[in-house]
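For the sequence shown, the positions run 715 to 1030 when this note's numbering is used. The C-beta atom is built at its ideal place from N, Cα and C for all residues, glycine as well. Predicted, not measured: the structure shown is a model, and the values here were computed from it. The structure appears right after this line, and notes come after that.
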Amino acid sequence: FRYSSSNHYNFYPDTIRITYEAEGINRTDDSMWGRHKGTSKIYKPHPLGKVPEDWWPISILNANDPERLGYPTQKPEALLERIINASSNEGDVVLDPFCGCGTTITVAERLKRRWIGIDITHLAITLIKKRLHDSFSQEELAPYEVIGEPADVMSAAALAEVNRHQFAWWALGMVDAYPAQDKKKGADRGVDGVLYFQEKDDGPYHKIIVQVKSGHVGAKEVRELEGTRRQEKAEIAALLTLKPPTRPMKEAAPADYYVSALFPDLSFPRLQILTIADLFAGKQLEYPRWVPPKTFKKAARRRKGPTDQERQGELL
């Protein structure tokens, strides 16, 4: 069934036609091709195929699907591609008010539509930005604006005042970390986020834990974080704070380092303290970065252009 808010709508059946079933294409009886009820008209098969039925046999994304990014409600790109192709032209605006992990946005970008995406969580915004940059080259990706995200320390502090959980999710995104408790609000157990790194593609994964603090922090919290790092068997622990670290906090950080197995001359502090101002200034966590971090699954590279025929074939 197709619904419209008014009598003015677009529907382009030729962009979504699918192959006729082999059983029906060779039939010649009147009921198949429309000569019935006394009419003299005969409808022949359309050269581009038939318009899909009201049910669409599109498989869900299983755990091993290359599209799967780990978002619980992620939809197949093939589904959104058909919807967008059927109801819009290149240059039209596509709105997704619950854009989640950005499937609608990514497909709209690939099909050369303009788009607006809305989501309530900063976790989703972080995932969407990464998906867009993984999916398209810098030359292909159209410029876009993120509205509602902190742009400086003052707006970050305002977000922390309104919702400390959203502040934590946003701050984790600044260092490519994923929330340790996904999107559930829970008690602070000392670990707000995690990320993983490798020193080589086939090497073991190494864990970094991240704690985000928007209020008062002292040397006690630094010592506790070091204890948590050891308990979690993490190679590095990071503390992200709104306020600059005090001298006692710096002194409480152990003079211990993770030493690269590949490059013994390179070492990284096992406990690192970064302020939000540091992050806005471009400073990042220190750890081996010669292999891209595996915190978020990387989206497959897409090319802008006509319908993705390879994925479209899975609809048949």
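**Message:** Looking at the strands, I want to know which residues DSSP matches up with residue 780.
**Reply:** Walking along the sequence shown from the start, residue 780 turns up at place 66. The partner list for residue 780 (beta bridge, DSSP) is empty, contrary to what the question assumes.
**Rounded distance between the beta-carbons of residue 835 and residue 883, thought under 8 Å** = Within the sequence shown, numbered from 1, the residue matching residue 883 stands at position 169. Within the sequence shown, numbered from 1, the residue matching residue 835 stands at position 121. Going by Cβ atoms, the distance from residue 883 to residue 835 rounds to 6 Å, so yes, they are a contact pair.
**residue 939 and residue 1007 closer than 7 Å at C-beta** = Position 225 of the sequence shown holds residue 939. Position 293 of the sequence shown holds residue 1007. Cβ atoms of residue 939 and residue 1007: not closer than 7 Å.
**Asked** So the alpha helix (DSSP H) residue 984 belongs to, where does it begin and stop?
**Response** Against the sequence shown, residue 984 aligns to sequence position 270. Neither: residue 984 is in no alpha helix (DSSP H) and is coded neither H nor E.
**Prompt:** Who are the near neighbours of residue 982 in its chain, counting only those whose CB is closer than 7 Å to its CB and skipping five residues on each side?
**Reply:** Counting from 1 along the sequence shown, the entry for residue 982 is found at position 268. Same-chain partners within the cutoff: 950, 971, 972, 1000 and 1001.
**Request:** With DSSP as the reference, label residue 928 as helix, strand or coil.
**Result:** Your numbering for residue 928 matches position 214 in the sequence shown. In the structure shown, residue 928 sits in coil (DSSP, three-state: anything other than H, G, I, E or B).
**Request:** Tell whether a beta-carbon distance below 7 Å holds between residue 969 and residue 936.
**Result:** As a first step, residue 969 is located in the sequence shown; it is residue number 255 there, counting from the start. As a first step, residue 936 is located in the sequence shown; it is residue number 222 there, counting from the start. Contact flag unset, no.
**Prompt:** What does DSSP give as the partner residues of residue 893 in its beta bridges?
**Reply:** Counted from its first residue, the sequence shown places residue 893 at position 179. Paired residues: 907.
**Request:** Mind reading off the beta-carbon distance from residue 994 to residue 866? Whole number of angstroms is fine, and I expect it under 8 Å.
**Result:** Within the sequence shown, the letter at position 280 stands for residue 994. Within the sequence shown, the letter at position 152 stands for residue 866. Right, their Cβ atoms sit about 6 Å apart.
**Message:** Strictly by DSSP, which residues pair up with residue 989?
**Reply:** Within the sequence shown, residue 989 is the residue found at index 275, counting from 1. DSSP output for residue 989 lists 955 as bridge partner(s).
**Request:** Would you mind working out which of 796, 843 and 877 sits nearest residue 731, comparing C-alpha positions?
**Result:** Position 17 of the sequence shown, counted from the first residue, corresponds to residue 731. If we check each option's Cα against that of residue 731, 796 comes out closest.
**Simplified DSSP state of residue 923, which is helix, strand or coil** = Position 209 of the sequence shown, counted from the first residue, corresponds to residue 923. Looking at residue 923 - three-state DSSP - the assignment turns out to be strand.
**Prompt:** Hey, residue 817 and residue 791: beta-carbon distance below 7 Å or not?
**Reply:** The count along the sequence shown starts at 1 and reaches residue 817 at position 103. The count along the sequence shown starts at 1 and reaches residue 791 at position 77. Result yes, Cβ atoms of residue 817 and residue 791 sit closer than 7 Å.
**Item:** Cβ-based burial, residue 839 [other Cβ within 10 Å; buried from 16]
**Value:** Working through the sequence shown from its first residue, we reach residue 839 at position 125. That one is buried.
**Prompt:** Do you know offhand how far residue 881's Cα is from residue 870's?
**Reply:** Residue 881 sits at position 167 when you count from the first residue of the sequence shown. Residue 870 sits at position 156 when you count from the first residue of the sequence shown. Roughly 7 Å separates the two Cα atoms.
**Reduced DSSP secondary structure (H/G/I, E/B, other) of residue 862** = Position 148 of the sequence shown, counting from 1, holds the residue named residue 862. Residue 862 falls in the coil class under three-state DSSP.
**Request:** Would you kindly report the start and end of the unbroken alpha helix (DSSP H) that includes residue 829?
**Result:** Against the sequence shown, residue 829 aligns to sequence position 115. Counting along the chain, residue 829 falls outside any alpha helix (DSSP H), though it belongs to the beta strand (DSSP E) covering 828–831.
**Item:** Rounded Cβ spacing between residue 886 and residue 862 (contact assumed at less than 8 Å)
**Value:** Position 172 of the sequence shown, counting from 1, holds the residue named residue 886. Position 148 of the sequence shown, counting from 1, holds the residue named residue 862. Contact doesn't hold; Cβ gap of about 17 Å is too wide.
**Asked** From residue 761 to residue 728, what does the alpha carbon distance come to, in whole angstroms?
**Response** Here residue 761 is taken as the residue at index 47 of the sequence shown, counted from 1. Here residue 728 is taken as the residue at index 14 of the sequence shown, counted from 1. Between residue 761 and residue 728, the C-alpha separation is close to 10 Å.
**Item:** Environment of residue 864 [buried if 16+ CB atoms lie within 10 Å]
**Value:** Position 150 of the sequence shown, counted from the start, is the residue given in the question as residue 864. Residue 864 is buried by the Cβ-count criterion.
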